[in-house]
Structures are given as C-alpha cells and as structure tokens.
Amino acid sequence: MTNKDIARIFKKTAQLMELHEANAFKVRAMQNAVLNIEQQSIALCGRSEGDLQAMAGIGKGLARQIVEICETDALTALSELLEKTPDGIVELLDLKGIGPKKLRNLWIEHKIDNAEALLEAAENGEIAKLKGFGAKTQENIKTALIYLIENRGKKRYADAEPLSDEFLVQLKSHWQGLQISPTGELRRKCEVISQLEYLIASDQPAKIMDYLTDHDELEPVNEKSGPYTFYGIWTPHKLPVLIRICQPSQYFGNLVALTASPAHLPTLNKDGQHLFNIMHSKKWKNENEVYEAFDLSCPVPEIREWPEDLGSNNLIELSDIKGCMHNHSTYSDGKNSIEEMAQACKERNLEYFGLSDHSQSAYYASGLQPHQIEKQLDEIDEINKKLSPFKIFKGIESDILADGSLDYDDEILQKFDFIVSSIHSSLSMDVKKATTRLVRAIENPFTTMLGHMTGRLLLRREGYPVDHKAIIKACAQNDVIIEINANPWRLDIDWRWIRMALDEGVMLSINPDAHETGGIDHMKYGVITGRKGGLTKDRTFNCLDLKQAEEFLVSRKKKKGIN
Numbered sequence: 258m259t260n261k262d263i264a265r266i267f268k269k270t271a272q273l274m275e276l277h278e279a280n281a282f283k284v285r286a287m288q289n290a291v292l293n294i295e296q297q298s299i300a301l302c303g304r305s306e307g308d309l310q311a312m313a314g315i316g317k318g319l320a321r322q323i324v325e326i327c328e329t330d331a332l333t334a335l336s337e338l339l340e341k342t343p344d345g346i347v348e349l350l351d352l353k354g355i356g357p358k359k360l361r362n363l364w365i366e367h368k369i370d371n372a373e374a375l376l377e378a379a380e381n382g383e384i385a386k387l388k389g390f391g392a393k394t395q396e397n398i399k400t401a402l403i404y405l406i407e408n409r410g411k412k413r414y415a416d417a418e419p420l421s422d423e424f425l426v427q428l429k430s431h432w433q434g435l436q437i438s439p440t441g442e443l444r445r446k447c448e449v450i451s452q453l454e455y456l457i458a459s460d461q462p463a464k465i466m467d468y469l470t471d472h473d474e475l476e477p478v479n480e481k482s483g484p485y486t487f488y489g490i491w492t493p494h495k496l497p498v499l500i501r502i503c504q505p506s507q508y509f510g511n512l513v514a515l516t517a518s519p520a521h522l523p524t525l526n527k528d529g530q531h532l533f534n535i536m537h538s539k540k541w542k543n544e545n546e547v548y549e550a551f552d553l554s555c556p557v558p559e560i561r562e563w564p565e566d567l568g569s570n571n572l573i574e575l576s577d578i579k580g581c582m583h584n585h586s587t588y589s590d591g592k593n594s595i596e597e598m599a600q601a602c603k604e605r606n607l608e609y610f611g612l613s614d615h616s617q618s619a620y621y622a623s624g625l626q627p628h629q630i631e632k633q634l635d636e637i638d639e640i641n642k643k644l645s646p647f648k649i650f651k652g653i654e655s656d657i658l659a660d661g662s663l664d665y666d667d668e669i670l671q672k673f674d675f676i677v678s679s680i681h682s683s684l685s686m687d688v689k690k691a692t693t694r695l696v697r698a699i700e701n702p703f704t705t706m707l708g709h710m711t712g713r714l715l716l717r718r719e720g721y722p723v724d725h726k727a728i729i730k731a732c733a734q735n736d737v738i739i740e741i742n743a744n745p746w747r748l749d750i751d752w753r754w755i756r757m758a759l760d761e762g763v764m765l766s767i768n769p770d771a772h773e774t775g776g777i778d779h780m781k782y783g784v785i786t787g788r789k790g791g792l793t794k795d796r797t798f799n800c801l802d803l804k805q806a807e808e809f810l811v812s813r814k815k816k817k818g819i820n
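The number in our numbering is simply the position in the sequence shown, starting from 1, with 257 added.
The structure is reproduced here in structure tokens:
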C-alpha cells in the first residue's frame, strides 16, 4: 500500500466525519493527517509505530492508525462510518460543488441519498432553490453527475491492470495449465476499462462455470450469463467481469474477434468471406494465421483500434526513452528534491531530466516567484556539476493565463532551456475560447511544449472542449512539441489524435508530470498511449539522446530569436 493509498483512506474518513458532524477538532486533525501523509517522501508501510512517530507531523495516534491500515488494508474508524452511511452518499462525497456539509443537508433534510435522485432534483430545478446552491451550481452538479453515472464502475487502465493480474493468478492457481487471455479493452490497453474481460479455452465449460458461480468474491448476474458465458461483479473491487469459454479448437479465432475494436477488422475479406465464418472455419495455431486469412499482418493488441496495421515493428518501446521531461520538485508541489528526482532518473538509466516546477500563478501548488527561480537555477548548476554527464534541463511549467499569455515576463522566460505551457485555472470554457487561449500560448515563441492539452482527469472530470485540429496545426506551424502526459489520470493528448499530429509533422514528448520519484515510472502509460496512436521513437523528443536533446533545445531557441 502506497502513501497515496493511505492518504485516500484518511481523506475518506475525514469527509465522513464531517458528514456525520463529528467534533470539529477531530475532523481537522484527520484532515491534517492527510496533508502530513501526502508530504512524506518515504514509504510509510513496513515501518514500526516508533519509526513513524519519529517522522515530522506523525504522532502516536496517527502512527497506530497507519500501521493498522498497512497490516489490514482497512481502518476501523472508516469502517464504522461507512456502516452508517448509504452507499449512494459515499459515492457523492467527491462530487464537485458539494462538500460534506451540503451533502448532509441534501441527505437528511431533503431525503436525497444517491446520484440518480440528486440528478432528478437538479433537472427539475429543485437544487437551485436551496440555500447555498443557486442556478450555476445546479448546472455544474448536473454536468458532474452525468459524468459520474456514465463512468460508474469503470477503472483507469493503471488500476485495472494490477487487478487483472491478481484475478488471473487466482484462476490459474486453481486451474493448472489454463489457457486464458484478457480480451477487449483490457487487452488493447485502453485508458479506461469498463470491465475485466477474458477468454478461456476448455473442453469442460460446465466445471469452469460452476467454479466461477461458486467463487466467494464473484457475484453472478444470471440474466447476462449463459452456458459458455459468465458475467458477474468482483465484489471486493465492485468491478464487472465477463468471461467467455470456448472449445480449444476455437480459441485463436475467438481471441482475434474478441480483442478487436468494432472498427478494426473488416466484415469481409477480399474473397467475400465473412469474418465470423473465417474465425470458426478451422483450428488456428495462433493469431497470425487468422490475420493471414484476411491478408493482414498481425498487429500488437493495443493498436487493434484502427482499420489497418500501423506498423507494430516500428512502434515506440519504453526502452527507447532516453530522458524524462516535465517533472516537479519540492520547490513547488513535488515530494522530492531536485537531486533526488535526478538520481531516480539516473537509476533508471536515463540521460537527462527536465525540471519544470509550477509558475507563480499556480499559488495552490506553491508556484515559483521570480526570486525562487534564481535560487533554483543556481542549484541546478551545482547538481549538474556533481552528476555530469547526466544533465538537468532548466524548465518551468508556465500557466497559460486566461488571455493565452504566459506567466512571466520575457526576461525571466528566456532563462529556461524549455517551457511547458499548460492550463490549470479558469477551466470552464467553450471550444472557441479554449482553442483561442491555447493557440495564443502555442504562438508564444517561449512555448517549447504544450502540456496536457485538454486538462482532463480520467473518470474525475472531462477536459475543456478544444478544436484538436486547430491546435495540432498551430503546434506544427510554431514548432511546438505536444506532450503525451503520462500521468494515468491524464493520458492527454488522447491517443485518437496522435496520428493527426504525426501526419502534420508534430513531434511529441512522453512526459510523466512526476511529483515524486515513483511518478517517473508512469512513462510506461505514456508509451502505451503513444503506441495506440502509432508513435515511433524518431518522432518522440525524449527518445533523443542527451547530445541530440541539447542541440534541439538550443537550436529551437535560436530559431525563435531567444538569447
């Protein structure tokens, strides 16, 4: 269990305490516990109560609760609060625009205890009439509720992948030699997974169905199941599971069909044979044979979204990455020092590290004031001497202000090796306003990279609407790199637009947006996103070696007339 997992448990406990009108001082203590845990750069699990108490901000009571969480994956205080709270209310705790106090009022005074009831009330205009809400809040709540309901039960790939691995271990430990594979979104490594989906080859389907139906952690949904299909809920994770069973002779034909997106495979091959008939016409030895029947090469699963093979052999690999751009340190809202972040990159055999802490307007993230920038640049010089030939590039993540301008005067911006320009505030925009704002920032000669293009947070909020084509063309015209933000909450730019960016000649960069050393490893999700869009290493900035990256950044500044 990570520190983030521990912090989430304490945050939920604090929310529920406030919901149930617990003592204000106890609520504040629990909220402070969240902050103290989030600020720890050392893993808390595995440490004794005494060791924990020696850390700043962790007292005896908090240490005891941390140990309880690490040993049991639960917290008694939270479990007791959950027992007296409707599931629908718990689901609404993180809804934007409603805090625990307002939620309690809706629940106790107005008998609204789930998302559907709240949405109905909002659609009928009832929420706007309540004290502390209003028409604008009501509209925001409606938007957030629709998004919540549409995405209920879904998981980000980064969360679904380890759960799937755990589930497969359970099945394979019970059924030795079981031939099983993920299918659907899971096998294609989609950014969001609606269910865990598998294909099993067996000549004993009834026995497997009995095992699944009787499984302690699986709750069958009989109306969606059948003799060769199990559908149910994996109750510990509230995650739908779909398992199909076929004869071994039909395995590879079904695997191809069940992995592909609807757009991937043609209905008919050149001889007019139907896909379904071909899939079941013979016993295929592997997936390659099935694709050969369609006169196609067999693509890797993650690109089975497109009607054609994007060139599996040329797609970017994690091992192609040479550097790590767009990262944060303790100067802004990161958990590790500059040197700790750089050392973590060195340990991963990377050649360079791009530091880009938040700019001054991002006050909520301790954005850097001008005097702090000078101090940071001097510190980078000293660390570079120490770590040479490894290099730290001097950068900043400059807020794109409401009018599209960047966050510092030119005399400050010119001191950096690179600048990631991103939107973090005033997110409520229509397409025209958002696109105009972004394009103006792209046209600024100091913008090296465009950060997280739409500002989306997967399963939390939709991004602001943008004209992707206009933005991509602007990046091409202004020699601006588009970031693939590899944070698994973002994965932004969306993979569906990467092909257009490549066609327009835009270079991309896979950036982890790391706020701690472990965040560097998120680059693997950015690589998956890049691969799904057909990205190759020769079109990826941080696949350049150190010398090439230095030359690129220096040359670009000269082209833009920046000294």
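We put the beta carbon where it would ideally sit given N, CA and C, even for glycine.
Keep in mind that this is a model prediction, so the values were computed, not measured.
- In the structure shown, R753 adopts helical secondary structure according to DSSP, grouped into three states.
- For a cut-off of 8 Å, the C-beta gap from T692 to I728 is around 6 Å, short enough to register as a contact.
- By the criterion of at least three beta-carbon pairs nearer than 8 Å, the segment 493-503 is not in contact with the segment 530-539.
- Fully enclosed beta strand (DSSP E) runs of no fewer than 3 residues occupy 580-584 of the segment 577-611, in order along the chain.
- In this structure W541 touches G510 by the C-beta definition: roughly 5 Å separates them, less than 8 Å.
- When secondary structure is reduced to three states using DSSP, M258 falls in the coil class, being assigned neither helix nor strand.
- Of the residues P564, L301, E278, the one whose Cα lies closest to the Cα of D262 is L301.
- The criterion of a C-beta distance shorter than 7 Å is satisfied by Y721 and M686.
- For L803, the closest alpha carbon among the candidates N820, I649, A743, M710 is that of I649.
- Taking S305 as reference, the option from N606, A286, C327 with the minimal CA-CA separation is C327.
- Secondary structure of C732 (DSSP, three-state): helix.
- Counting along the chain, T470 sits inside the alpha helix (DSSP H) bounded by residues 462-471.
- Under the three-state reduction of DSSP, Q530 is assigned to coil, being neither helix nor strand.
- With the rule of 3 Cβ pairs closer than 8 Å, the segment 308-327 does not count as touching the segment 361-377.
- In the structure shown, the three-state DSSP call for P769 is coil.
- If the five residues before and after E719 are omitted, its C-beta is found closer than 7 Å to the C-beta atoms of Y404, R713, all from its own chain and listed in chain order.
- Exclusion of the five residues before and after G316 leaves Q310 as the residues of its chain whose Cβ lies within less than 7 Å of its Cβ.
- Annotation: the segment 308-353 contains the following complete segments of the alpha helix (DSSP H) (minimum length 4 residues), in chain order: 317-329, 333-340, 344-349.
- Take the alpha-carbon of L428 and the one of P439: they are about 12 Å apart.
- Beta bridge pairing from DSSP links S679 with D656.
- Every alpha helix (DSSP H) of 4 residues or more that sits fully in the segment 375-423 is shown, in chain order, as 392-407.
- The C-alpha of Q436 is placed about 15 Å away from the C-alpha of Y485.
- When secondary structure is reduced to three states using DSSP, P558 falls in the helix class.
- Taking a contact as a CB-CB distance under 8 Å, the pair A619 and D674 does not count as one, their CB atoms being some 20 Å apart.
- Judged by their CB atoms, T270 and M287 are nearer to each other than the 7 Å cut-off.
- By a beta-carbon distance limit of 8 Å, H772 contacts G591. Their separation comes to about 5 Å.
- Shown here for L607: same chain residues with a beta carbon closer than 6 Å to its own, the five before and five after excluded, namely G580, C581 in chain order.
- Apart from the 5 residues on each side of it in sequence, D416 has no Cβ closer than 7 Å to any other Cβ in its chain.
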